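What follows is a single structure, written as structure tokens, with notes after it.
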Amino acid sequence: MPQAVPAIAAPDPAASEARRARADWITHGILVLGVVLFALPVWLVLVGSTHDAATIGRGEVPLLPGGHAAETYAAVWTQGDTRRAQVAVSTMMFNSAVMALLITIGKIAISIVSAYAVAFFSFPGRMLCFWAIFVTLMLPVEVRIFPTFQVVSDLGLVNTYTGLIVPLIASATATLLFRQFFLTIPDELVEAAKMDGAGPMRFFKDVVLPLSATNMAALFVILFVYGWNQYLWPLLITTSADVETIVIGIVKMIGAEADTEWNRVMATTVLALLPPVAVVILMQRWFVKGLVETEK
Amino acid sequence: MRRKVIFPGTALPYLLLAPQLAITAVFFFWPAGEAVWYSFLRQDAFGISTQFVGLENFQDLFADPLYLQVVRNTLVFSVSVTAIAMSVALLLAVLADRHIRGRETYRTLLIWPYAVAPAVAAVLYIFLFHPNIGLFGRALNGMGVAWDYRLNGDQAMLVVVLAAAWKQVSYNFLFFLAGLQSIPRSVLEAAAIDGARPVRRFWTVVFPLLSPTTFFLLVINLTYAFFDTFGIIDALTKGGPANATQTLIYRAYIDGRVNLDLGSSSAQSVVLMVAVMVLTLFQFRFIERKVHY
Chain P
39 MPQAVPAIAA
49 PDPAASEARR
59 ARADWITHGI
69 LVLGVVLFAL
79 PVWLVLVGST
89 HDAATIGRGE
99 VPLLPGGHAA
109 ETYAAVWTQG
119 DTRRAQVAVS
129 TMMFNSAVMA
139 LLITIGKIAI
149 SIVSAYAVAF
159 FSFPGRMLCF
169 WAIFVTLMLP
179 VEVRIFPTFQ
189 VVSDLGLVNT
199 YTGLIVPLIA
209 SATATLLFRQ
219 FFLTIPDELV
229 EAAKMDGAGP
239 MRFFKDVVLP
249 LSATNMAALF
259 VILFVYGWNQ
269 YLWPLLITTS
279 ADVETIVIGI
289 VKMIGAEADT
299 EWNRVMATTV
309 LALLPPVAVV
319 ILMQRWFVKG
329 LVETEK
Chain U
128 MRRKVIFPGT
138 ALPYLLLAPQ
148 LAITAVFFFW
158 PAGEAVWYSF
168 LRQDAFGIST
178 QFVGLENFQD
188 LFADPLYLQV
198 VRNTLVFSVS
208 VTAIAMSVAL
218 LLAVLADRHI
228 RGRETYRTLL
238 IWPYAVAPAV
248 AAVLYIFLFH
258 PNIGLFGRAL
268 NGMGVAWDYR
278 LNGDQAMLVV
288 VLAAAWKQVS
298 YNFLFFLAGL
308 QSIPRSVLEA
318 AAIDGARPVR
328 RFWTVVFPLL
338 SPTTFFLLVI
348 NLTYAFFDTF
358 GIIDALTKGG
368 PANATQTLIY
378 RAYIDGRVNL
388 DLGSSSAQSV
398 VLMVAVMVLT
408 LFQFRFIERK
418 VHY
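Going down the list, the protein sequences come from chains P and U.
Note that my numbering has the first sequence beginning at 39, numbered continuously upward.
Note that my numbering has the second sequence beginning at 128, numbered continuously upward.
Structure (structure tokens):
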């Protein structure tokens, strides 16, 4: 039976071409506008950090770079501000880096071994352990502020790296991601390893770890950003300058806005932004893949 | 679901699970349990004696006009942040999904705000909206608008909403883009052959196919606005002026850490736990259904 020919009026190719070109221009226009709106506050802060305190304080809001970049950055790097926090930004950056890296490595390490246990073994209470980890998704630190502070304080961990880092390294998300990935490792690989006489730890080291590299890279980006950007937890746990992180430090520098050294705040903001933004942009490929997979 | 081929032994898996379970028990279950227990207790003003008061802390909480205002603030804040962050992200994702030059560059230039800490995003917004040193703040005052988010509660709410939404757009953008890219070309081509114009095609074909992503992001954005925006509020407004930007998390922090009100803070923690459980269960129920779909 002959197919009925669909009765579509052939569109005029020239008109359709023109419409497409116009649509492309509108697309570029809106996307550029979006990019500019995103970048605008960062541009303001970057430019502002190259002017002196008086210019910013007078409210001139410069839109083009000035000539005081070197002195401002040198001053914040070695002494922070002169009014309130008075902690060198280099110290705060170091603390943030330690916190972010240890949280990242800690989360990945304890999650990958937990997921390995849950996926590759059978033992009494397996599902109970799995659910115990899973349930922590529903207990972010924000909902148990006071009692968690109490526990950390009872353990004498206030103002220590341990108190800052260890309570944050349990990770349901990472464990779920690794477990899901381990379920896709073919049985033949495990059989072959067993036939060769490899024990579970050998198999973990030689097969599972290398196969997990991509997942670890993706988690590294997400968790580094998570660790670097922590705010409420350090605010509760740290009161001394020795363990102050940069995100907390900026807010302290602003204080109650009485003679705040805004140019120094701006320089510190730029420095606080750089590491996590650099990690996301440089590791973009893994990050995008990892983010979309972790959450689904 | 489980693997068919596994390793023997029970000591090793317990050992592997020990660190995670230990941290979970000490820093999650113990404090969560304490929060529930404390929520039924009340301390006297000097912290000397403590007595069991049943549900009184909860009754007081929901009879407190300030707490009810905080609940309302949280709803206004969360719904606004979610609506703005999702609609802007959807628009940008649809455009970035078109076959134009420089798609990859646009993507890179739109995702970096994901990496910005909430508190740092708030500091960036000070330099946009501060009445004396902010770009827009000064311009508004120059045009005769009495702009000062430190004095006007509605303006303060607007600024924290914009800062919170600004930071969340890139996350939503990535998920919408991934959702759009997973729609089969054949479906889009079929719609195009049917002669549907692009805008109509979007609302009748593309948007319904994106609904799993949209619902997922809805829950994620509400959760973000509820729980992850403490830094934004603390850095920008400290909950003020006159409590206008205090959200549930901020209130729990003030009562627990500043006012040292054990019973009330714990009752608030319990309320928040229920909220996060409802959101999480909603999300997982939904994802399960999506698998069948």
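Every residue gets a Cβ at the ideal spot worked out from N, C-alpha and C, and that includes glycine.
Quick caveat: nothing in here was measured; it's all calculated off a predicted structure.
Residue environment for I360(U): buried (at least 16 other C-beta atoms within 10 angstroms of its C-beta). Fully contained in the stretch 257 to 296 of chain P is no beta strand (DSSP E) run of length 3 or more. Contact annotation for T277(P) against chain U: no contact, minimum CB-CB distance about 11 Å [criterion: below 7 Å]. When C-beta distances to chain U are compared with 9 Å, the residues of the stretch 174 to 195 of chain P below that value are T174, L175, M176, L177, P178, V179, E180, V181, R182, I183, F184, P185, T186, F187, Q188, V189, V190, L193, in chain order.
With contact defined as three or more Cβ pairs closer than 8 Å, the stretch 182 to 189 of chain P and the stretch 246 to 259 of chain P are not in contact.
Residues V85, G86, H89, T93 of the same chain have their beta carbon placed closer than 7 Å to that of P100(P), with the five preceding and five following residues left out of the count.
Neighbours of E316(U) across chain P, judged by C-beta separation under 8 Å, do not exist; the nearest C-beta is about 13 Å away. The contact set of D191(U) on chain P, defined by CB atoms closer than 7 Å, is empty, because the minimum CB distance reaches about 18 Å. At a cut-off of 9 Å, the C-beta of A170(P) has a neighbouring C-beta in chain U. Per DSSP, the continuous beta strand (DSSP E) segment holding L168(U) begins and ends at 168 to 170. A distance below 6 Å between beta-carbons, with the five flanking residues on each side excluded, links L217(U) to the following residues of its chain, in chain order: F303.
Look at L143(U): its C-beta is under 9 Å from a C-beta on chain P. Cβ-Cβ separation between V326(U) and L406(U): approximately 33 Å, too far for a contact (criterion under 8 Å). Closer than 8 Å at the C-beta level to chain P, one finds these residues of the stretch 213 to 227 of chain U: V215, L218, L219, L222, A223, R225, I227.
Annotation: Cβ neighbours of D225(P) in chain U (cutoff 9 Å, chain order): R130, K131, V132. Between S393(U) and L222(U), the C-beta spacing is not below 9 Å.
Interface annotation, M239(P): in contact with chain U, CB-CB separation under 9 Å. Among the residues facing chain U, A310(P) is included, as its CB has a counterpart in that chain under 9 Å away.
Where Q178(U) is concerned, there is no enclosing alpha helix (DSSP H), although the beta strand (DSSP E) around it starts and stops at 177 to 179.
In this structure, the CA atom of P103(P) is about 10 Å from the CA atom of W81(P). With the criterion set as a beta carbon lying under 7 Å from some beta carbon of chain P, the members of the stretch 265 to 290 of chain U are R265, in sequence order. Taking C-alpha positions only, Y141(U) is separated from F241(P) by approximately 17 Å.
Beta-carbon to beta-carbon, A208(P) and F411(U) are separated by about 19 Å, too far to satisfy the 8 Å threshold.
Each residue's CA atom was taken as its position, placing Y252(U) and T307(P) some 12 Å apart. Residues of the same chain with a CB within less than 7 Å of the CB of L166(P), apart from the 5 flanking positions on each side, do not exist. For the stretch 151 to 162 of chain U, the set of residues with a beta-carbon nearer than 9 Å to any beta-carbon of chain P comprises T151, A152, V153, F154, F155, F156, W157, P158, A159, G160, E161, A162, in chain order.
Neighbourhood of S54(P) in chain U, by CB distance below 8 Å: empty, with the nearest CB roughly 11 Å away. In this structure, A291(U) sits away from Y194(U), with a CB-CB distance that is not shorter than 9 Å. Secondary structure note for Q186(U): its alpha helix (DSSP H) is the uninterrupted segment 183 to 190.
Counting only Cβ-Cβ distances below 7 Å, Y194(U) has no contacts in chain P at all, with the closest Cβ about 16 Å away. The distance from the Cβ of A246(U) to that of V127(P) is about 15 Å, inconsistent with a contact at the 8 Å cut-off. Between A305(U) and V330(P) the beta-carbon gap is near 5 Å, inside 8 Å, which marks them as a contact. Look at F134(U) here: in three-state DSSP terms it is strand.
If the five residues before and after V333(U) are omitted, its C-beta is found closer than 8 Å to the C-beta atoms of V221, L307, I310, L315, all from its own chain and listed in chain order.
Just measuring C-alpha positions, the residue of M239(P), A210(P), V245(P), A212(P) sitting nearest D225(P) is V245(P).
Nearest to G136(U) by alpha-carbon distance, out of F168(P), M176(P), A155(P), is A155(P).
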